Structure formats: C-alpha cells, structure tokens
Amino acid sequence: MPAWGERRTAHPRLRRRAAFALYGPGNDPYNTGDMARRRVHLTFPGTLADEPIMWQLCRDFDVVFNIRQADMAESVGWMMLQLEGDDEALDRGVRWLEEKGIKVAPIEQDIVE
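The working numbering puts the first residue of the sequence shown at 1031, with every later residue one more than the last.
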C-alpha cells in the first residue's frame, strides 16, 4: 500500500481495460495480443471454501479470471470460469489448482455465455 500522499499506479490489466474504454478495440495501446483465454470447470471440496483460491491464482500466476457460474454446498463446490493470461501462466496456474485438490476440466462448448 502506498504511503500517505503517494500516488498509486494501476495494474497493467486495469490500464489496458481503461485504454480499451477510451480508445476502443482497434486502437488499444496496451493490447499486446499475447493473452490466451481458457474456459474451465472447477470442482473443489467444501474444505477449501474458506480459502481465497482465486485471489491466490490471480496474484501468484498473473491470471485474470471471470466467474461465469458457481455454486457451493457443504461438501462440494463448483465454478465455471474464463481464465485469461499467457499460456505458460495458465498452465502453471491450472497445475497449482490441481495440486490443491481441485478438479479442473476444460469447457469445450460455449455453454457459459
């Protein structure tokens, strides 16, 4: 957190989104074109419900996520997500999720629109 009076700088993806809003899709100066997208279905045990899994994924692997659908019960939870980042970061992030005990399945069809 910046000290009092110190100016915060926006995260690169936030700057990119702001530029998209200002300049439109064709003239985005922050668009590098190297961002990959994956749609995945996560199934996780209820014991992980209190852990900030998606926040850790975003922070540690520089992956942006969009929760499309989700549900949580006492014993199990699931999420349908769209993940965005470079291919290597997505691969490492998915491996990390699987190591945490989360089942990750790709969504092949466009069912979460």
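Just so you know, even glycine gets a beta-carbon here, dropped at the ideal spot from N, CA and C. If you're wondering where the values come from, they're calculated on a predicted model, not measured in any experiment.
| Check | Outcome |
| --- | --- |
| If you measure between the beta carbons of W1126 and D1090, is that distance less than 9 angstroms? | yes |
| The beta strand (DSSP E) with A1079 in it runs from where to where? | Element bounds for A1079: n/a, residue is neither H nor E. |
| What does the alpha-carbon distance come out to for the pair V1093 and P1075? | 22 angstroms |
| When you compare each of I1137, Q1112, L1087 and A1079 to E1104 by their alpha carbons, which one comes out closest? | A1079 |
| Among all the DSSP beta bridges, which residues are the ones paired with D1101? | W1108 |
| Quick check on G1153: buried or exposed, where buried means 16 or more other Cβ atoms within 10 Å of its Cβ? | With the chain covering only 1031 through 1143, there is no way to say anything about residue 1153. |
| State the CB to CB distance for the pair L1111 and N1096, rounded to an integer number of angstroms; the pair is presumed to be in contact (CB under 8 angstroms). | 7 angstroms |
| Compare the beta carbon distance of A1066 and E1114 with 9 angstroms and say whether it is the shorter of the two. | yes |
| Starting from V1134, trace the beta strand (DSSP E) in both directions and tell me its first and last residue. | K1133 to P1136 |
| Any idea if G1131 is buried or exposed, counting beta-carbon neighbours within 10 angstroms, 16 or more meaning buried? | exposed |
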